[in-house]
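Chemist: Below is the structure I would like to discuss, written out as structure tokens.
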Amino acid sequence: METLNFTSAISEILAAHTGLPQAELERCLETPADSKVGHYAFPCFNLAKVLKKSPQVIASELAEKIEAGRPGWLGQAVATNAYINFFLNRTAFANNVLYSVLEAGTEYGSSEEGFGKKILVEYSSPNIAKHFHIGHLGTTIIGRTLDNIYRFLGYEVTSINFFGDWGTQFGKLITAYLKWGSKEEIEKTEIAGLVKLYVKFHEEADKDPTLNDEARAWVVKMQNGDEQGIAIWKWFCELSMLEYDRIYERLQISFDVLSGESHYNDKMDAIAQLLAQKGLLQESDGAKIVDLEAYNMPPCLILKRDGGTLYPTRDIAAAIDRYERFDFDKSLYVTGNEQSLHFAQWMKVVELMGYPWASGLLHIPYGMYLFESGKMSTRRGDVIKIEDLLDEAVTKTLEIINEKNPDLPNKERVAEQVGIGALKFNKLYNSRMKDTMFDWDRILSFDGETGPYVQYTHARACSVLKKSLSADSRLDFGELGLALISGSTFDAGLLSDDESFDVLRIMHDFPAKIKDAAEKYEPFIIARQLVALAQAYNIFYHKHQIIVDDEPVRRARLTLTAAVKLVLKTGLGLLGISAPVVM
RNA sequence: GCGUUUGUAGCUCAGGGGAUAGAGCAACCGCCUCCUAAGCGGUAGGCCGCAGGUUCGAUUCCUGCCAAGCGCACCA
């Protein structure tokens, strides 16, 4: 069966009657808040200028013309004031949406638009020898979701975790380790031990400033490949990775490329020389900069007074290297919005260097977590470690399971899926740029617009489907949907009630929402659509008994349920959230 | 000070030129003999930060102001 996109189809008809470009008309199409008014609506105000008639007249004339040649899938086109309201033929619509979903299965909403295009996504990027803390949560979760979305749309995606594994702090750490450290204790305590050394260094350096010179000396030695220094540094990196690996495993995240600032150590001088060659490098207060005054930005620092390199220098080197290696169409950097200026600056420098691919560099910023006590600070020790956050989420979930569903098998596993799902969903539910007040109660809430609510709805749909199967049936849920819709007694006309129709509409719009999310780099568009689908399905569930004696009615409602289950799972998957079958 | 982001219900947030501005949480009132109550229904709750401007029409676009977050030279 041929599948139809109804907004495109409506705008096509409008284009045929007005002679205006279809894409533009499609953008004007609205979905009225109250579906009794219409399923889709087209306001005629803008046409009034072009056609030199009142919008009301245009609406009624157009509606009349459309009615005269109305295709089967369209139920009715009515003019109301300045609007043309379109009512779909519910049977045709139901048939179409359900076929689209069930035939595509886990691929529903995917596309080929990205074929042949390469996208790099850099995200997560924790700093070696420091805990993976709540500040890294946004980049990790948002980055991962964008990664998933672009893959789903057919792009060739390379995910990059770019560790902060180089810099002056390693000079300090090595100094501190050699003076006060114990191998056994560091092995045992991992990052916590390294942080302790770091703090100790600062305490001691306040009393004895020569320690700072010692630390700087180590940095220089390492730059020159000092064996002892490099060995200790490598060991610190490996220790740190133990914590990160545990976290990524629990978050179910892996990367195509693990890289770090240290990879570009030996390329720094070349970058400075290149900038000088292109006449971009200037001296200012002894440092080397690229002046960006013409672009209303402060200068971009390339080399320190002592010749050392800086964050922008490394990002420029990495970008050039990545273009040479991956030939990307786009390269996304998912980091907090506090780094917006930094990215604007170095990306402008790359543009000024004359690289045409500079336009593919994109910073994807997001809002930060705020705390009652003000900004989070390592010194005050009020950093929230992700491992603690994950543990807390899972513990709380287990409590709720014990309270609400004590007989649930596999409690620990479900608690892990639901607790971490709640955490991820909480970060993905609002537009990226919004700062969010950190609030345990809100993050671990399971009611309303939350991850657990969507997961619960998925589990509920699974439960219904399972109950409908005879004991000996070996169909899985995907096969079940197809079997249901292919049966001779399937009648989409039995799904023309308002509640079914709302469910179908939300599923119909799902692919468009994924594209929208990709275009805007906004995962929340998908998260919101999932909540809308869960809400609509729950309303349907309460209003209509699904497993009824009437065979065709039961079949129709089960088919709808199978489709909902599939779309919820796909959507949660894009957000990196598991969809438990039972919870 | 300059730049940037954000101001919508008590709280957290959608909507971003169009028909009566929507959800969730919290509050209050209902619904488990019935497919999962982590659910569903209902009540109450709004100068859409303020002031101008553009428009047939502004919560939405423009300008100014106010408030808050973030950033602004050798950290990353």
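Letter by letter, the first sequence follows residues 273 to 855 in the working numbering.
Yeah, the Cβ is synthetic: ideal placement off N, Cα and C, and Gly gets one too.
All values reported here derive from a predicted model rather than from experimental measurement.
Between Lys792, Leu752 and Phe598, which lies nearest to threonine 831 when the distance is taken from Cα to Cα?
Modeler: Cα-wise, what sits closest to threonine 831 is Leu752.
Chemist: Would you mind stating whether isoleucine 414 and arginine 704 have Cβ atoms separated by less than 8 Å?
Modeler: Against a cut-off of 8 Å, the Cβ pair of arginine 704 and isoleucine 414 comes out as a contact.
Chemist: Given a threshold of 16 other Cβ atoms within 10 Å of its Cβ, counted over all protein chains shown, does proline 481 qualify as buried or as exposed?
Modeler: Answer is exposed; the Cβ neighbour count stays below 16.
Chemist: What's the gap between the Cα of glycine 341 and the Cα of valine 736?
Modeler: If I take the Cα positions, the gap works out to 42 Å.
Chemist: Could you tell me which uninterrupted alpha helix (DSSP H) segments, each at least 4 residues in length, are contained entirely in the segment 681-749, listed from first to last along the chain?
Modeler: Within the segment 681-749, the complete alpha helix (DSSP H) runs of at least 4 residues are 683-700, 712-715 and 723-740.
Chemist: If we call anything under 8 Å between Cβ atoms a contact, is tyrosine 793 one with leucine 514?
Modeler: Result no, Cβ atoms of tyrosine 793 and leucine 514 do not sit closer than 8 Å.
Chemist: Express the C-alpha separation of isoleucine 592 and lysine 506 in angstroms, rounding to a whole number.
Modeler: Answer to the nearest angstrom: the Cα atoms are 25 Å apart.
Chemist: Can you give me the C-alpha to C-alpha distance between valine 250 and leucine 662, rounded to a whole angstrom?
Modeler: Residue 250 lies beyond the residue range present for the chain, which begins at 273 and ends at 855; the question has no answer from this structure.
Chemist: Going by the CB atoms, is the gap between phenylalanine 762 and arginine 827 shorter than 8 Å?
Modeler: It is a contact, given that the beta carbons lie within the stated cut-off.
Chemist: Leaving aside the five residues before and after histidine 780 along the sequence, list all residues of the same chain whose C-beta is less than 7 Å from its C-beta, in chain order.
Modeler: For histidine 780, where only same-chain residues beyond five positions count, the Cβ hits under 7 Å are Phe278 and Val369.
Chemist: Less than 8 Å between the beta carbons of histidine 614 and proline 637, yes or no?
Modeler: In this structure, proline 637 does not lie closer than 8 Å to histidine 614 by Cβ.
Chemist: Excluding sequence positions up to five away, which residues of its chain have a Cβ less than 6 Å from the Cβ of serine 454?
Modeler: Cβ neighbours of serine 454 beyond the five flanking positions: none.
Chemist: Based on Cα-Cα distance, which residue from Lys451, Glu623, Lys676 and Phe435 lies nearest to asparagine 858?
Modeler: For the chain, the structure presents residues 273 to 855; residue 858 sits outside this window and is missing.
Chemist: Is it buried or exposed, isoleucine 658, if we count other Cβ atoms within 10 angstroms and call 16 or more buried?
Modeler: Result: buried.
Chemist: Rounded C-beta distance between tyrosine 725 and valine 836? I'm assuming under 8 Å.
Modeler: Not really, about 14 Å apart at Cβ, beyond 8 Å.
Chemist: Helix, strand or coil for alanine 443 per DSSP?
Modeler: The amino acid occupying residue 443 in the given sequence is glycine; alanine does not appear at that position. Helix, per DSSP.
Chemist: Evaluate arginine 685 with the Cβ neighbour count: other Cβ atoms within 10 Å of its Cβ, from every protein chain shown; 16 or more gives buried, anything less gives exposed.
Modeler: Classification for arginine 685: exposed.
Chemist: Which same chain residues end up closer than 7 Å to valine 429 when comparing Cβ atoms and leaving out the 5 residues on each side of it in sequence?
Modeler: Closer than 7 Å at Cβ, skipping near neighbours: Ile391, Val393, Asp419, Tyr422 and Arg423.
Chemist: Pull up the distance between the alpha-carbon of proline 217 and that of glutamate 302, whole angstroms please.
Modeler: Absent from the structure is residue 217, since the part of the chain shown begins at 273 and ends at 855.
Chemist: Beta strand (DSSP E) containing leucine 530: first to last residue?
Modeler: Where leucine 530 is concerned, the enclosing beta strand (DSSP E) stretches over 529-532.
Chemist: Drop a sphere of 10 angstroms on the beta-carbon of phenylalanine 387, count the other beta-carbons inside from all chains shown, and report buried for 16 or more, exposed for fewer.
Modeler: Exposed, since its Cβ has fewer than 16 Cβ neighbours within 10 Å.
Chemist: Please classify cysteine 572: does DSSP put it in a helix, a strand, or coil?
Modeler: Looking at cysteine 572 - three-state DSSP - the assignment turns out to be strand.
Chemist: Between serine 850 and glycine 843, what straight-line distance do the alpha-carbon atoms span, to the nearest angstrom?
Modeler: The alpha-carbon atoms of serine 850 and glycine 843 are separated by roughly 10 Å.
Chemist: Kindly give me the distance between the Cβ atoms of tryptophan 438 and serine 534, rounded to whole angstroms, as I take these residues to be in contact under 8 Å.
Modeler: Indeed they touch by this definition, with Cβ atoms about 4 Å apart.
Chemist: Can the beta-carbon of tyrosine 312 be found less than 8 Å from the beta-carbon of isoleucine 282?
Modeler: Cβ atoms of tyrosine 312 and isoleucine 282: closer than 8 Å.
Chemist: Using DSSP with H/G/I as helix, E/B as strand and the rest coil, what is threonine 303?
Modeler: DSSP places threonine 303 in coil when its eight states are reduced to three.
Chemist: Could you work out which residue in Ser772, Gly848 and Lys389 is closest to alanine 808 when comparing CA atoms only?
Modeler: Checking every option, the nearest Cα to that of alanine 808 belongs to Ser772.
Chemist: Which word fits tyrosine 567, buried or exposed, when buried means at least 16 other C-beta atoms lie within 10 angstroms of its C-beta?
Modeler: With fewer than 16 other Cβ atoms within 10 Å, it is exposed.
Chemist: Can you give me the Cβ contacts of leucine 766 inside the same chain, cut-off strictly under 7 Å, excluding the 5 residues immediately before and after it?
Modeler: Counting only Cβ-Cβ distances below 7 Å, and skipping sequence neighbours, we find Pro824, Val825 and Ala828.
Chemist: Please work out which residues of its chain come closer than 7 Å, Cβ to Cβ, to glutamine 524, disregarding the five sequence neighbours upstream and downstream, and give them in chain order.
Modeler: Closer than 7 Å at the Cβ level, and outside the excluded window around glutamine 524, lie Gly848.
Chemist: Which two residues bound the contiguous alpha helix (DSSP H) that contains isoleucine 849?
Modeler: Here isoleucine 849 belongs to no alpha helix (DSSP H), and DSSP marks it neither H nor E.
Chemist: Three-state secondary structure (DSSP) at lysine 389?
Modeler: Coil.
Chemist: Specify the secondary structure class of glutamine 348 as computed by DSSP and reduced to three states.
Modeler: Correct three-state label for glutamine 348: strand.
Chemist: Hey, would you say leucine 366 sits closer than 8 Å to leucine 776, going by beta carbons?
Modeler: It is alanine, not leucine, that sits at residue 366 in the sequence shown. In this structure, leucine 776 lies closer than 8 Å to alanine 366 by Cβ.
Chemist: Anyone know if the C-beta pair for lysine 337 and histidine 289 falls short of 8 Å?
Modeler: In this structure, histidine 289 lies closer than 8 Å to lysine 337 by Cβ.
Chemist: Assign valine 562 to buried or exposed, taking buried as 16 or more other Cβ atoms, counted over all protein chains shown, within 10 Å of its Cβ.
Modeler: The residue in question, valine 562, is buried, as its Cβ has 16 or more Cβ neighbours within 10 Å.
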